[in-house]
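Q: Taken in order, the sequence shown gives residues 1 to 150; the numbers are from my numbering. For glycine and all other residues, C-beta sits at the position ideal for the given N, C-alpha and C. Pasting a structure here, questions to come.
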Amino acid sequence: MLQCVFYYGSIFGSSIYYMMENKGLKVLLIDDTVMILQHLKTILAEVKDISSTESVTSAEEALVLLDGYQPDVMVLDINMPGMSGIEMLRRLHLRSMIKPVVIMLTNNTFAGYRDECMRLGADYFLDKSRDFLLIPSIVEKVKEKNLIQY
1 MLQCVFYYGS IFGSSIYYMM ENKGLKVLLI DDTVMILQHL KTILAEVKDI
51 SSTESVTSAE EALVLLDGYQ PDVMVLDINM PGMSGIEMLR RLHLRSMIKP
101 VVIMLTNNTF AGYRDECMRL GADYFLDKSR DFLLIPSIVE KVKEKNLIQY
């Protein structure tokens, strides 16, 4: 997570100056299949500067966890027992919180699902069978982007 300190005032003129301290990325993995979660943790272990990786097996657990954990990246399955990933995304869309980069990961690449996820704020929509190994490079991009934003 990046922390920013803003300085305003006449000492620095009219510009806003900021300083960042990189604390590493926080990642939240949500999938009802434990084997998928284990594989995600394995491939993300290669990414530098991840400070924490949390994983849960349901959207309900994730929503509870999000009350105290603010991930920079969230990998979310669509089809899970109970609340679907799309319903969770809908609830996140309505929350007033810092939004993580959302990677939807699914075996159901139906265009209607993709369109709904993107409308609700997902940043990526990946096919589990084809795009799984793209996740580390997406997380790397998020890390690089976070180093220059405030």
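1. For the region 38 to 45 against the region 63 to 72, do three or more pairs of beta-carbon atoms, one drawn from each stretch, fall closer than 8 angstroms, so that the two count as touching?
2. Counting only runs that start and end within the region 109 to 140, where is the alpha helix (DSSP H) found for 4 or more residues in a row?
3. Would you be able to state if there are at least three C-beta pairs under 8 angstroms between the region 119 to 130 and the region 55 to 65?
4. Measure the alpha-carbon distance for residue 18 versus residue 145 and round it to whole angstroms.
5. What first and last residue would you give for the alpha helix (DSSP H) that runs through residue 42?
6. Is the Cβ-Cβ distance between residue 75 and residue 142 less than 8 angstroms?
7. Identify which residue in 29, 92, 99, 136 has its Cα closest to the Cα of residue 53.
8. Going by C-alpha to C-alpha distance, which of 85, 23, 25 sits closest to residue 32?
9. Over what stretch of residues does the beta strand (DSSP E) that includes residue 30 continue unbroken?
10. In chain order, what residues of the same chain have a beta carbon less than 6 angstroms from the beta carbon of residue 121, not counting five sequence neighbours either side?
11. What's the call for residue 62, buried or exposed, on a 16-neighbour Cβ count within 10 Å?
12. Helix, strand or coil: how does DSSP classify residue 78 here?
13. So, for residue 77: in the same chain, excluding its five sequence neighbours on each side, which residues have a beta-carbon less than 7 angstroms away from its beta-carbon?
A: So, from the listed chains and residues:
1. By the Cβ rule, the region 38 to 45 does not count as touching the region 63 to 72, because fewer than three pairs are nearer than 8 angstroms.
2. Given a length threshold of 4 residues, each whole run of the alpha helix (DSSP H) inside the region 109 to 140 is given here in chain order: 111 to 119, 128 to 131.
3. Fewer than three pairs of CB atoms, one per stretch, sit closer than 8 angstroms, so the region 55 to 65 makes no contact with the region 119 to 130.
4. For residue 18, the predicted structure reports a pLDDT of 29, less than 50, and the residue's modelled location is therefore unreliable. A value from the coordinates is still provided. C-alpha separation (whole angstroms): 16 angstroms.
5. Residue range 34 to 44 is occupied by the alpha helix (DSSP H) that includes residue 42.
6. No, the Cβ-Cβ distance between residue 75 and residue 142 is not below 8 angstroms.
7. Ranking 29, 92, 99, 136 by Cα distance to residue 53 puts 29 first.
8. Looking at the Cα atoms, 85 is the closest of the given residues.
9. Boundaries of the beta strand (DSSP E) around residue 30: 25 to 30.
10. Answer for residue 121: 93, listed in chain order.
11. Counting of Cβ neighbours within 10 angstroms places residue 62 among the buried residues, the total reaching 16 or more.
12. Correct three-state label for residue 78: coil.
13. Only 30, 31, 32, 85, 105, 106 meet the Cβ criterion.
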